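See structure below.
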Amino acid sequence: MALSYQAITLRVLGECSTTGWTLRDGETWCMATPPRHVPRQQGWKLHLSATPASAARVLESATRVLAAHACAFKFAVSPRVTAELTSVRAPRAQSGKFLTVYPLDDDQLRVLTGQLHEATVGLAGPAILSDRRYRPDSLVHYRYGCFARPRELNDEGLYEGRLQAPDGTFVADERNPWFSPPPWARPPFDPPARAAPGRRRGAPVLIAGRYLVREAVRHSNRGGVYRASDRQTGDDVLLKEARPHIGATSDGKDARYWLRYEAGILKRLAPLHITPAVRDVFESAGHVFLVEDLIDGKSLQRWTTDGIARDGHGLLPVAALWKLSRRLTRMIGRMHAAGFVLRDLKPGNIVMTPDDTPVLVDMECVVRADERTHVVGTHGFTAPEYLNGPDRDGDTPPPAPGPEVDCFSLGATLLYAATGIIPLLADDSPPRRPAGERLAEIVDTAAPAAPALRALAPLVIGLTADGPARWPLEKAAAFLRADPVGTPAPTAPAPARGAVGRLLSDGLAHLAATAEPDAEHLWPHPRSAPLSDPCNVQLGAAGVLAVLDRAVRCGETTAEPLLRTAARWLDRRLTAPSRILPGLYFGRSGTVWALHDAARTLGDPGMADRAVEYALRIPLEGRHLDICHGLAGAGLAQLHLWHTTGDPRFADRASECADRLLRLTADAGHGVDWPVGPEHRRELAGSALYGFGHGVAGNAAFLLAAGRDLGRADLLDIATGAGHALCAVAAPRGDAAVWPKGPGRTERTDLNFWCHGASGIGTFLVRLWTATGDARFREYADRAARAVHRDRCRIGPSTCHGAAGNAELLLDLADATGEEHYRTRAAETVTCLYARAVRRDGRLLVPDDTLRDVSAGYGVGLAGVLDFLLRLTHGGNRSWLVDP
Numbered sequence: 001m002a003l004s005y006q007a008i009t010l011r012v013l014g015e016c017s018t019t020g021w022t023l024r025d026g027e028t029w030c031m032a033t034p035p036r037h038v039p040r041q042q043g044w045k046l047h048l049s050a051t052p053a054s055a056a057r058v059l060e061s062a063t064r065v066l067a068a069h070a071c072a073f074k075f076a077v078s079p080r081v082t083a084e085l086t087s088v089r090a091p092r093a094q095s096g097k098f099l100t101v102y103p104l105d106d107d108q109l110r111v112l113t114g115q116l117h118e119a120t121v122g123l124a125g126p127a128i129l130s131d132r133r134y135r136p137d138s139l140v141h142y143r144y145g146c147f148a149r150p151r152e153l154n155d156e157g158l159y160e161g162r163l164q165a166p167d168g169t170f171v172a173d174e175r176n177p178w179f180s181p182p183p184w185a186r187p188p189f190d191p192p193a194r195a196a197p198g199r200r201r202g203a204p205v206l207i208a209g210r211y212l213v214r215e216a217v218r219h220s221n222r223g224g225v226y227r228a229s230d231r232q233t234g235d236d237v238l239l240k241e242a243r244p245h246i247g248a249t250s251d252g253k254d255a256r257y258w259l260r261y262e263a264g265i266l267k268r269l270a271p272l273h274i275t276p277a278v279r280d281v282f283e284s285a286g287h288v289f290l291v292e293d294l295i296d297g298k299s300l301q302r303w304t305t306d307g308i309a310r311d312g313h314g315l316l317p318v319a320a321l322w323k324l325s326r327r328l329t330r331m332i333g334r335m336h337a338a339g340f341v342l343r344d345l346k347p348g349n350i351v352m353t354p355d356d357t358p359v360l361v362d363m364e365c366v367v368r369a370d371e372r373t374h375v376v377g378t379h380g381f382t383a384p385e386y387l388n389g390p391d392r393d394g395d396t397p398p399p400a401p402g403p404e405v406d407c408f409s410l411g412a413t414l415l416y417a418a419t420g421i422i423p424l425l426a427d428d429s430p431p432r433r434p435a436g437e438r439l440a441e442i443v444d445t446a447a448p449a450a451p452a453l454r455a456l457a458p459l460v461i462g463l464t465a466d467g468p469a470r471w472p473l474e475k476a477a478a479f480l481r482a483d484p485v486g487t488p489a490p491t492a493p494a495p496a497r498g499a500v501g502r503l504l505s506d507g508l509a510h511l512a513a514t515a516e517p518d519a520e521h522l523w524p525h526p527r528s529a530p531l532s533d534p535c536n537v538q539l540g541a542a543g544v545l546a547v548l549d550r551a552v553r554c555g556e557t558t559a560e561p562l563l564r565t566a567a568r569w570l571d572r573r574l575t576a577p578s579r580i581l582p583g584l585y586f587g588r589s590g591t592v593w594a595l596h597d598a599a600r601t602l603g604d605p606g607m608a609d610r611a612v613e614y615a616l617r618i619p620l621e622g623r624h625l626d627i628c629h630g631l632a633g634a635g636l637a638q639l640h641l642w643h644t645t646g647d648p649r650f651a652d653r654a655s656e657c658a659d660r661l662l663r664l665t666a667d668a669g670h671g672v673d674w675p676v677g678p679e680h681r682r683e684l685a686g687s688a689l690y691g692f693g694h695g696v697a698g699n700a701a702f703l704l705a706a707g708r709d710l711g712r713a714d715l716l717d718i719a720t721g722a723g724h725a726l727c728a729v730a731a732p733r734g735d736a737a738v739w740p741k742g743p744g745r746t747e748r749t750d751l752n753f754w755c756h757g758a759s760g761i762g763t764f765l766v767r768l769w770t771a772t773g774d775a776r777f778r779e780y781a782d783r784a785a786r787a788v789h790r791d792r793c794r795i796g797p798s799t800c801h802g803a804a805g806n807a808e809l810l811l812d813l814a815d816a817t818g819e820e821h822y823r824t825r826a827a828e829t830v831t832c833l834y835a836r837a838v839r840r841d842g843r844l845l846v847p848d849d850t851l852r853d854v855s856a857g858y859g860v861g862l863a864g865v866l867d868f869l870l871r872l873t874h875g876g877n878r879s880w881l882v883d884p
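Take the sequence shown: its position 358, counting from 1, is numbered 358 in UniProt numbering, and each next residue is one higher.
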């Protein structure tokens, strides 16, 4: 049995007769520290790359050198992490960094560089894009950066490495996928000599003297994908690049092998006329390139989202989906008849031509049915019994799967094409529910609002069923030979009996079970999110604290012990960070809001006084103006604290926030795309975005509340002007409306969230209608509500970017209008949350934004969902707003 990396390191240290070293495992890295080590804050450091096959030898060889010099280092904690660091999907700026060396000074670095190069020469490892190679054939790379974990918050409220310049100023430690040291940091080695003058930045790239690159379609760790012109034929072609040692497996095969393999597959599939034709395969500077026909069209993923955005009801035509289903079924059948299995069919691997003909692309996962090969696929679209099979991580590749895996992928792909739903399921803890059963529940939930899915539901459920119940392709083809049967839209399903109570009680129990009062973060920080202030609302303890406070006030008495624990934890850490940021979600304004409210609920006047004292210290400055990070969020918190304390200083500070926000917005210099007239005003026209979290709607909501409560008619007028402007730039979609992200922005308009889009803009407009009585604002708030209600099943579950936050708008309209149909629609969202829920340790929990994990944070995790469920059940005002 192979030794672990830690065992290898300890063995080598013992052989080198070195004592006093400590090894400390983390989630990603193992840190090896010599005795009496005093770390530097910044400087030139070394990275050694490796592949899963070479990593053990690289570690052993490097450890001998580093032990002799008593130099601290860290290395990937396991082979799994090594594989992730070099995978085709790894972040380009971090890829390949298997081992990091922290020299005491630049003299030691130069000595170590040469010795580490000699010790590892000839071993395999990819180029590290953020660094410069010591030599063209070396695993040793160097870059200038921080040595210690960043402890300074940037303006966005995230922990960021900062480098101190010789003049004492600080700059961000930029981690780009190219060598980019700060201008004042002189490299420890001369750059490699260039054989010819370098290409001017931005000039066209000519590859292999033949292919002139016109445009980068995308960049990934595997390599780029480019549109190019073939100078010999004059044809436009597609170039796919594979970098050395990326995606390498234990048998030494890497992205270059698989790109050549894909070229061979495409040649063998050419007679089927369902894939692009191969033009050329060549190697240049160690990279392999595949040249193939350029298919005019868009991915099925984009085809689906464009169709949803274009249609007035967010629905795709039954006829178009039926035709697509027939064509894909025939294409896969021809693949199977030729003896191949796709393994990774998904919307991103299908291109739709202008006449809606599907073409299969990215065929590197295709295998012959009689081959053995490593397991690959995409979670959500590849059959889970294959992707998570018991032989996935074995040394011997398992046999190729049968055609049933492509049947699952076809069903999952059609579910996406009909609705935009990503069929990703978070893993249950044992005993796990069958994936087919869970997907069937999602189909049943979404079908009433989607005619195409209603027509295809038997097919989708059959193709994604578990075990022997899964439909073979022949049965799918037989189903599709008939014409689609139109079915009347049934009533949207009501939440399962006890669904709200189950999700609430299990969610609160999970928060209690996972709290860690002695840890840096009271609840585990989500692995997918950048590190931020542990005390903030978005990802930290304050957002959860506010939900626990609401729960206790709503009579959920079992939450009171945890409320007390969380409040004390936050109270102790309130003054810990060196920098106080003003934002409501990423700064400390939401923190003091939550702590003060909890202190009142708990009857702790000392804690309440400390929160008030701290709130008066929050700086009302900075370059951010928005709700999440800046002055609008700080102003809402100051306004709330004025209401709860009666202290006039908070009223003055709220007014100061409004005045400063208007001065800075007027000076921002951004373009506008609304008419500037008497009814539109121009004070907020400098905002770069329209949404609530980061733009006009949120800023205007603060001005509206401040103008109303502080008796400032000028602020009310400006907020009203912003409302007229937002109505003017709305894009009608049938009886709904959507908004661009900001002036001149061309991103998709079908993502209707709280932070950007219809949900947050409607949140402001319903309050503006309540304040002014202008029916136009009620109309557009209702249009926004229609847009978010139709999206309830296809988006994630969270508050910031998902269904829970969107459903809060429906509750806002129910409260403002007294019309119960809005509350009924909000309750329908629970059905979507319930269908997505994962079972962990006997509890039913709503996953976070990733759809694969459960995290506690308010903005993207469980707490925000619980806040919506509490409000739906018990009523009350919306959190983090100052409503009458």
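Positions of the beta carbon are idealized from the N, C-alpha and C atoms, including for glycine. Here the structure is a predicted model, which is why all the values come from computation and not from measurement.
Taken atom to atom, the span from the alpha-carbon of A263 to that of V281 is near 7 Å. Boundaries around F282 are those of the beta strand (DSSP E), 278-284, since no alpha helix (DSSP H) includes it.
Within its own chain, the residues whose Cβ lies closer than 7 Å to the Cβ of R110, once the five positions on either side in sequence are excluded, are P188, listed in chain order. The three-state reading of DSSP puts W44 in strand, counting E and B together. The three-state reading of DSSP puts R218 in strand, counting E and B together. In this structure the stretch 20-29 touches the stretch 60-78; the number of beta carbon pairs closer than 8 Å is three or more. About 6 Å separates the beta carbon of G587 from that of G157, a gap short enough to meet the 8 Å contact definition. Assignment of alpha helix (DSSP H) within the stretch 507-570, counting only whole runs of 4 or more residues, yields 541-553 in chain order. Taking a 10 Å sphere around the C-beta of S589, we find 16 or more other C-beta atoms and assign the residue as buried. If only uninterrupted alpha helix (DSSP H) runs of at least 4 residues are considered, those enclosed by the stretch 348-407 are 384-387. Taking a contact to require three or more Cβ pairs closer than 8 Å, the stretch 622-641 and the stretch 690-699 qualify as touching. Shown here for L459: same chain residues with a beta carbon closer than 8 Å to its own, the five before and five after excluded, namely S325, G411, L414, W471, A476, F479, L480 in chain order.
For the pair L726 and P732, the Cα-to-Cα distance works out to about 12 Å.
The three-state reading of DSSP puts P743 in coil, since its state is none of H, G, I, E or B. The residue among S17, Y144, G742 with its C-alpha nearest the C-alpha of S687 is G742. At a Cβ-Cβ threshold of 8 Å, L116 and L206 do not count as neighbours. Under DSSP, the beta-bridge partners assigned to D236 are S229. Secondary structure of W29 (DSSP, three-state): strand.
Listed in chain order, the beta strand (DSSP E) runs fully inside the stretch 84-157 are 99-102, 140-146, counting runs of at least 3 residues. Of the other Cβ atoms in all chains shown, fewer than 16 fall within 10 Å of the Cβ of D841; this residue is therefore exposed. DSSP places G721 within a helical segment (H, G or I) once states are collapsed to three. Shown here, Y159 sits in a strand according to DSSP, grouped into three states. One thing to note: L439 has its Cβ no nearer than 8 Å to the Cβ of P451. Here A53 really is in contact with A124; their C-beta atoms are around 7 Å apart, less than 8 Å. Across the structure, T353 and E292 are spaced so that their CA atoms are roughly 16 Å apart. Scanning its chain for C-beta atoms nearer than 6 Å, with the 5 sequence neighbours on each side dropped, one finds around G20 the residues P35, in chain order. In terms of Cβ geometry, A856 and T445 do not form a close pair [threshold 8 Å]. Residues L545, D549, L563, A567 of the same chain have their beta carbon placed closer than 7 Å to that of A598, with the five preceding and five following residues left out of the count.
Judged by their CB atoms, L616 and A705 are not nearer to each other than the 8 Å cut-off.
About 25 Å separates the beta carbon of L272 from that of R227, a gap too long to meet the 8 Å contact definition. Per DSSP, reduced to three states, the secondary structure at F73 is strand.
Pairing Y822 with V101, the inter-Cα distance amounts to about 59 Å. Sequence-distant Cβ neighbours of T396 in its own chain, meaning closer than 8 Å and more than five residues away, are R372. Residue state for R24 is assigned as strand, using DSSP reduced to three classes.
In the displayed model, I461 falls within a helix according to three-state DSSP.
Secondary structure at H821: helix, using DSSP grouped into helix, strand and coil.
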